[in-house]
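Chains P and B, in that order, give the protein sequences.
Read in order, the letters of the first sequence are residues 62 to 311 in my numbering.
Read in order, the letters of the second sequence are residues -13 to 364 in my numbering.
A short worksheet on the structure shown next.
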Amino acid sequence: MSGVAEGSILYLDQVSVSFDGFRAINNLSLVLEPGEMRAIIGPNGAGKTTMMDIVTGKTRPDTGDVLFDGSIDLTRLDEAAIANLGIGRKFQKPTVFESHTVEDNVALALKAGRGVFQTLFHRRTPAEQSRIDEILDTIRLTARRSHPAAGLSHGQKQWLEIGMLLAQEPRLLLVDEPAAGMTDAETAETAELLKRIAEKQSVIVVEHDMTFVRQLGVKVTVLHEGSVLAEGSLDAVSANPRVVEVYLGR
Amino acid sequence: MITGFLLSGFDRRARWTVAVLAALALLVPASNLLLPEDSLLHVSTYQLTLFGKYLTYALLALSVDLVWGYCGILSLGHGAFFALGGYAMGMYLMRQIGARGVYADPLLPDFMVFLSWKELPWFWHGFDMAWFALLMVMLVPGILAFVIGWFAFRSRVTGVYLSIITQAMTYALLLAFFRNDMGFGGNNGLTDFKDILGLPIQAPATRAALFAASALTLAFAYVIASAVTASKLGKVLVAVRDAESRTRFIGYRVERYKLFVWTLSAVMAGMAGALYVPQVGIINPSEFDPSASIEAVIWVAVGGRGTLVGALVGAVVVNFGKTWFTGALPEVWLFALGGLFVGVTLFLPRGIVGLFARLRRGDAGGRTAGIPAGEAAP
């Protein structure tokens, strides 16, 4: 198995997980190369979110291998350890720290020591401050920096969450439905932003919105009933009769 | 590093709070000891002791606010840490009695002689020394909190389940301390204290000094709490309160943060108990009563959760009300307390402090660590 895993950033092999007898993930295998951006599509219940839960340590698979960076076994680690390895996650429903200011949200996510006493005696360095400013600029929330995150619009929260992901400086980003609830213009901007991020980092995007996936212009993996149904360019998988059947019903 | 850390706790509100407490520590004892009794500004020893007791309650409330207001851990058992600190102090005070007890045993406290015990139980050793007792005042609640927190937070017990565990903890201790063979005086507890640090405990000057010590300890604890909540760690705590799993996914080990603030808070509660006991002159198992812990939560809710200063205000206001009510209309008190809690939850979700902040600013903000309206109560 190490042959294929080597050189990959994320490697899932024969992963299965059941909840109360329901097979949410069924023999799922997937390989992501460093620097690759991959879109994952599939109907509701295809196992997209469960797959992210497995990679980020929220759910333990019943069987199968999940390797990060070719060799690190993610199934043995908890959420915090996985996050500190360099895997960041954006949730489907934007979750930011509502009572903190926009700036503090980014500051908390910023790559830095995560130990209790490190944070207790932490003083923000000028380098950290300029990194925060830079991220706020990228996500266009500089003007709202000192406002509580609770007051942001849905789209702004999505962006703030992406900004928090950037602040973590992860090597792999898992992004769950970043364009949900966004206007067309915001969707296009989000696609641009993700493309810029993917220049340096590996990204997995789970999305329902086909226009958005087309804008990303990357390799697509179609999940269905917990395993991979098809893989390839969006045009290729759209032409796949089984994919059409799954999406349009039988 | 420590100095810089403590200085970071001196925001505007902390400076005011410390100034007020320092002034109280100076002026109230001075008025008690120096002014003639018929003076309008004279504070009687009874009033001084009563208010000193409120200050120790305020410290307990501060410790509750630290875990509940900032980290979302609703403890319904903080009275246990308060009582353990109180018992540690009580044991020291018992050992100070020496041969002046009713049975005049030079070593054994009266209740042990009464139970015909022949020797001092092992855990009573060392409590004749003030430094050891003071250490235990902090260590015993701290270690208990650490152990319970270690298991509870690691197993990710949260919300109402954690509240039930804390409630069970204090109830178990209540039952244990009621037993005579535990060696803590059973249901009578520890009382008849004579001296503290060699000074007669009933003397007005000692009472004044205890009052001042309570005010200054409260001020010190306030600065620590303020520095902790203003630090990046404080922001992580609020993040845990608002979105625990999100905090994990950005790489913070939530259980360690909870354990830190939980243990710190228990130590503060223990110190409050230790200052309480010499002023009221007794410690008995009723301090472990779950209702005592729930009352402490009500003080914080009334004053304003997640504001620190609100805990102080709430503790003093509610206890002042309790003293007045239980004197004037004793049978109404519990209804008044329940009504107060319901009223605050419905109409003042940010408590008294939140109300003042709103009146002053004309908005709903204020430095209340932004608890969304309607979430001020469990």
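Heads up, the beta-carbon is just placed ideally off N, CA and C, and yes, glycines get one too.
Quick caveat: nothing in here was measured; it's all calculated off a predicted structure.
Pick from the options that is closest to residue i, judged by C-alpha positions
{"i": "tyrosine 56 (chain B)", "options": "B:Thr233, B:Asp228, B:Val328, B:Ile268", "result": "B:Asp228"}
{"i": "arginine 232 (chain B)", "options": "P:Arg99, P:Lys151, P:Ser132, P:Gly82", "result": "P:Lys151"}
{"i": "aspartate 178 (chain B)", "options": "B:Tyr78, B:Phe139, B:Ala47", "result": "B:Tyr78"}
{"i": "valine 265 (chain P)", "options": "P:Asp194, P:Ala297, P:Val279", "result": "One detail in the question is off: residue 265 (chain P) reads as isoleucine in this sequence, not valine. Taking only the C-alpha atoms, the option nearest isoleucine 265 (chain P) is P:Val279."}
{"i": "tyrosine 72 (chain P)", "options": "P:Ala297, P:Ala141, P:Ile115", "result": "P:Ile115"}
{"i": "valine 88 (chain B)", "options": "B:Val226, B:Asp96, B:Pro335", "result": "B:Asp96"}
{"i": "glutamate 306 (chain P)", "options": "P:Arg192, P:Ser294, P:Asp165, P:Leu290", "result": "P:Leu290"}
{"i": "glycine 318 (chain P)", "options": "P:Gln75, P:Met271, P:Ala168", "result": "This structure gives no information on residue 318 (chain P), because the portion of chain P shown stretches from 62 to 311."}
{"i": "phenylalanine -4 (chain B)", "options": "B:Ile210, B:Val133, B:Tyr157, B:Pro15", "result": "B:Ile210"}
{"i": "glycine 324 (chain B)", "options": "B:Ile284, B:Val226, B:Ala74, B:Arg346", "result": "B:Ile284"}
{"i": "isoleucine -12 (chain B)", "options": "P:Gln179, P:Gly103, P:Val236, P:Asp130", "result": "P:Gln179"}
{"i": "proline 134 (chain B)", "options": "B:Gln153, B:Ala205, B:Gly175", "result": "A quick correction: the sequence has isoleucine, not proline, at residue 134 (chain B). If we check each option's Cα against that of isoleucine 134 (chain B), B:Gln153 comes out closest."}
{"i": "isoleucine 223 (chain P)", "options": "P:Glu67, P:Arg275, P:Val65, P:Lys154", "result": "P:Lys154"}
{"i": "leucine 17 (chain P)", "options": "P:Gly96, P:Glu230, P:Asp198, P:Asp130", "result": "As shown, chain P starts at 62 and ends at 311. That puts residue 17 (chain P) outside it, with no answer to give."}
{"i": "glutamate 247 (chain P)", "options": "P:Tyr308, P:Gly216, P:Ala211", "result": "P:Gly216"}
{"i": "alanine 85 (chain B)", "options": "B:Val99, B:Glu281, B:Phe109, B:Ala282", "result": "B:Val99"}
{"i": "threonine 408 (chain B)", "options": "B:Ser17, B:Leu20, B:Phe109, B:Thr35", "result": "Outside the displayed range of chain B (-13 to 364) lies residue 408 (chain B), so it cannot be described from this structure."}
{"i": "arginine -2 (chain B)", "options": "B:Ala213, B:Ser17, B:Asp24, B:Ser25", "result": "B:Ala213"}
Neighbourhood of residue i by C-beta, 7 Å cutoff - its chain only, sequence neighbours within 5 removed
{"i": "glycine 351 (chain B)", "result": "Because the pLDDT of glycine 351 (chain B) is 44, which lies under 50, any placement of that residue in the model is unreliable, and the number read from its coordinates should be weighed accordingly. These residues qualify, in order along the chain: Ala343."}
{"i": "aspartate 123 (chain P)", "result": "Ser77, Val78, Ser79"}
{"i": "isoleucine 143 (chain P)", "result": "Thr117, Gly118, Leu135"}
{"i": "arginine 232 (chain P)", "result": "Ile70, Gly147, Gln262, Ser263"}
{"i": "proline 107 (chain B)", "result": "Gly169"}
{"i": "threonine 282 (chain P)", "result": "Leu91, Arg99, Ile101, Val289, Glu292"}
Residue i at chain P interface by Cβ criterion, 8 Å
{"i": "alanine 350 (chain B)", "result": "In this prediction, alanine 350 (chain B) scores a pLDDT of 45, lower than 50, which makes its location untrustworthy; the coordinate-derived value is nonetheless stated afterwards. Cβ-Cβ to chain P under 8 Å: no for alanine 350 (chain B)."}
{"i": "arginine 353 (chain B)", "result": "The pLDDT assigned to arginine 353 (chain B) is 46, lower than 50, so where the model puts this residue is not dependable, and the model offers no usable value."}
{"i": "arginine 232 (chain B)", "result": "yes"}
{"i": "methionine 257 (chain B)", "result": "no"}
{"i": "isoleucine 129 (chain B)", "result": "no"}
{"i": "serine 217 (chain B)", "result": "yes"}
{"i": "proline 358 (chain B)", "result": "A caution first: proline 358 (chain B) carries a pLDDT of 48, below 50, which makes its placement in the model unreliable, though a value can still be read off. Yes, its Cβ sits closer than 8 Å to a Cβ of chain P."}
{"i": "methionine 254 (chain B)", "result": "no"}
{"i": "glycine 145 (chain B)", "result": "no"}
{"i": "alanine 388 (chain B)", "result": "Only positions -13 to 364 of chain B appear in this structure, which leaves residue 388 (chain B) out of reach."}
{"i": "isoleucine 236 (chain B)", "result": "yes"}
{"i": "valine 330 (chain B)", "result": "no"}
Delimiting residues of the alpha helix (DSSP H) encompassing residue i
{"i": "histidine 215 (chain P)", "result": "215 to 228"}
{"i": "arginine -1 (chain B)", "result": "-2 to 20"}
{"i": "arginine 344 (chain B)", "result": "337 to 347"}
{"i": "phenylalanine 139 (chain B)", "result": "116 to 140"}
{"i": "lysine 256 (chain P)", "result": "245 to 259"}
N-terminal and C-terminal residue of the beta strand (DSSP E) that residue i is part of
{"i": "valine 76 (chain P)", "result": "71 to 80"}
{"i": "phenylalanine 83 (chain P)", "result": "83 to 93"}
{"i": "histidine 285 (chain P)", "result": "280 to 285"}
{"i": "isoleucine 236 (chain B)", "result": "From DSSP, isoleucine 236 (chain B) is part of no beta strand (DSSP E); its letter is neither H nor E."}
{"i": "alanine 291 (chain P)", "result": "288 to 293"}
{"i": "glycine 125 (chain P)", "result": "124 to 129"}
{"i": "methionine 98 (chain P)", "result": "98 to 102"}
Cβ neighbours of residue i in the same chain (closer than 6 Å, five flanking residues each side left out)
{"i": "alanine 201 (chain B)", "result": "Leu7, Leu10, Ala11, Leu41"}
{"i": "tryptophan 220 (chain P)", "result": "Ile200"}
{"i": "aspartate 270 (chain P)", "result": "Ala240"}
{"i": "alanine 83 (chain B)", "result": "Contrary to the premise, residue 83 (chain B) reads as isoleucine rather than alanine in this sequence. Lys180, listed in sequence order."}
{"i": "leucine 159 (chain B)", "result": "Ala66, Phe274"}
{"i": "glycine 307 (chain B)", "result": "none"}
Residue-level contact to chain B via CB, residue i, 8 Å cutoff
{"i": "valine 304 (chain P)", "result": "no"}
{"i": "threonine 120 (chain P)", "result": "no"}
{"i": "threonine 317 (chain P)", "result": "Summary: the structure shown does not reach residue 317 (chain P), with chain P confined to residues 62 through 311, and so no result is reported for it."}
{"i": "glutamine 229 (chain P)", "result": "yes"}
{"i": "alanine 144 (chain P)", "result": "yes"}
{"i": "serine 160 (chain P)", "result": "yes"}
{"i": "alanine 241 (chain P)", "result": "no"}
{"i": "glutamate 140 (chain P)", "result": "yes"}
{"i": "arginine 150 (chain P)", "result": "yes"}
Sequence-distant residues of the same chain with beta carbon closer than 8 Å to residue i, five excluded per side
{"i": "valine 339 (chain B)", "result": "Gly289, Gly290, Thr293, Val295, Gly296, Val299, Gly352, Thr354"}
{"i": "leucine 185 (chain B)", "result": "Ala191, Thr192, Ala195"}
{"i": "serine 217 (chain B)", "result": "Phe(-9), Ser(-6)"}
{"i": "alanine 205 (chain B)", "result": "Thr3, Val4, Leu7, Ala8, Ala11"}
{"i": "glycine 242 (chain P)", "result": "His215, Gly216, Gln219"}
{"i": "glutamate 189 (chain P)", "result": "Ala168, Leu171, Ala173"}
Cβ-heavy atom distance, residue i to the ligand NAP, below 7 Å
{"i": "alanine 246 (chain P)", "result": "The ligand NAP is not part of the structure shown, which contains no ligands of any sort."}
For this session: Give a yes or no on contact between the stretch 188 to 199 of chain B and the stretch 127 to 138 of chain P, applying the rule of three or more CB pairs nearer than 8 Å.
Result: Not touching, per the Cβ criterion.
Exercise. For the 8 Å Cβ check, are there 3 or more pairs between the stretch 291 to 298 of chain B and the stretch 87 to 96 of chain B?
Worked result: Here the stretch 291 to 298 of chain B makes no contact with the stretch 87 to 96 of chain B; the two share fewer than three CB pairs at distances below 8 Å.
Problem set entry | Three or more C-beta pairs below 8 Å linking the stretch 234 to 241 of chain B and the stretch 65 to 72 of chain B | Taking a contact to require three or more Cβ pairs closer than 8 Å, the stretch 234 to 241 of chain B and the stretch 65 to 72 of chain B do not qualify as touching.
Exercise. Are the stretch 245 to 253 of chain B and the stretch 26 to 37 of chain B touching by the rule of at least three beta carbon pairs closer than 8 Å?
Worked result: Taking 8 Å as the limit for Cβ pairs, the verdict is that the stretch 26 to 37 of chain B does not touch the stretch 245 to 253 of chain B.
Exercise. Per the contact definition of three or more C-beta pairs closer than 8 Å, is the stretch 175 to 193 of chain B in contact with the stretch 255 to 265 of chain B?
Worked result: As far as the Cβ criterion goes, the stretch 255 to 265 of chain B touches the stretch 175 to 193 of chain B, which means the pair count is three or higher.
For this session: Answer yes if the stretch 47 to 55 of chain B comes into contact with the stretch 139 to 157 of chain B, meaning at least three C-beta pairs across the two stretches below 8 Å, and no otherwise.
Result: Fewer than three pairs of CB atoms, one per stretch, sit closer than 8 Å, so the stretch 139 to 157 of chain B makes no contact with the stretch 47 to 55 of chain B.
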